[in-house]
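This report concerns only the one structure given below.
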Amino acid sequence: MAPPMVLEALREADVLILGPGSLYTSVLATLVVPGVLEAVTSSSAMRIFVCNAMTEPGETDGYGIAEHLQAVAEHGLPLEKLDYVIAPTTPIPSKVLGRYASEGAAPVDSDFALSDPAPVLIRADLLELGPVVRHDPDKLGQILCELAARRRDTIRPSRMTAQV
């Protein structure tokens with residue numbers, strides 16, 4: 003069972019961010035801890051899933067965005083509970099792709115459209131340019147902060163009204 007303090011933090015959070023990270027061994031592993039999934043699904047927080055840029059050999063071979071989201075749903079988090087899915091669109095240099103391909107990895111297929119009403123798919127230039135494919139913390143952070151600010155701006159008026 004997750005510690006009560008963790009469950010309380012999840013329930014009281016304004017924004018919950020899932021990912022990026024190893025889908026099964028990091029992101030989804032947290033959802034199977036007793037109490038966590040229930041806290042995440044019952045929270046009134048904005049929920050954001052950050053999709054990986056590359057597949058992981060032996061873990062997410064052939065996965066695109068759809069398969070990542072299917073795995074999330076199969077682990078108990080209904081897709082309608084997600085508000086946003088963020089996917090990178092940054093072109094990856096062929097030399098870097100070749101190295102990853104030799105290790106059995108490929109870019110996550112982002113050719114996917116989500117059905118309305120939720121979640122909203124955000125595609126953006128999110129990756130650092132370099133020998134390793136990873137999310138650029140400044141680029142991703144900016145988007146996450148903008149989404150969190152939207153959340154804050156939409157909940158602030160009702161909180162102010164409740165205080166009057």
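Residue 3 is where the sequence shown starts when you use the working numbering, and the numbers rise one by one after that.
For every residue, glycine included, the Cβ atom is placed at its ideal position computed from N, Cα and C.
Quantities reported herein were computed from a predicted structural model and do not represent experimental measurements.
Ends of the beta strand (DSSP E) at residue i?
i, result
"residue 48", "48–52"
"residue 126", "122–126"
"residue 20", "17–20"
Using the Cα positions of residue i and residue j, report the straight-line distance between them to the nearest angstrom.
i, j, result
"residue 105", "residue 152", "40 angstroms"
"residue 136", "residue 91", "12 angstroms"
"residue 177", "residue 129", "The structure shown does not extend to residue 177, since the chain spans only 3 to 166, so no value can be given for it."
"residue 158", "residue 98", "Any reading at residue 158 needs caution, since the residue's pLDDT is 45, under 50, leaving its predicted position unreliable; the model's value is listed next. Approximately 44 angstroms, taken between the alpha carbons."
"residue 50", "residue 100", "30 angstroms"
"residue 66", "residue 112", "6 angstroms"
"residue 25", "residue 56", "11 angstroms"
"residue 6", "residue 34", "16 angstroms"
If you compare alpha carbons, which of the options is closest to residue i?
i, options, result
"residue 96", "132, 71, 115, 87", "132"
"residue 149", "68, 21, 16", "16"
"residue 123", "71, 89, 29", "89"
Kindly say whether residue i, judged by its beta-carbon, lies nearer than 8 angstroms to any beta-carbon of chain B.
i, result
"residue 124", "Here chain B cannot be found, since the structure has a single protein chain."
From the DSSP output, which residues share a beta bridge with residue i?
i, result
"residue 129", "137"
"residue 145", "None, per the DSSP bridge assignment."
"residue 90", "126"
Where do the ends of the alpha helix (DSSP H) carrying residue i lie?
i, result
"residue 6", "6–14"
"residue 177", "Outside the shown range of the chain, which is 3 to 166, sits residue 177, and nothing can be said about it."
"residue 100", "96–104"
Q.
Across the stretch 54–62 and the stretch 33–46, are there enough close Cβ pairs to call them in contact, namely three or more that are closer than 8 angstroms?
A. no
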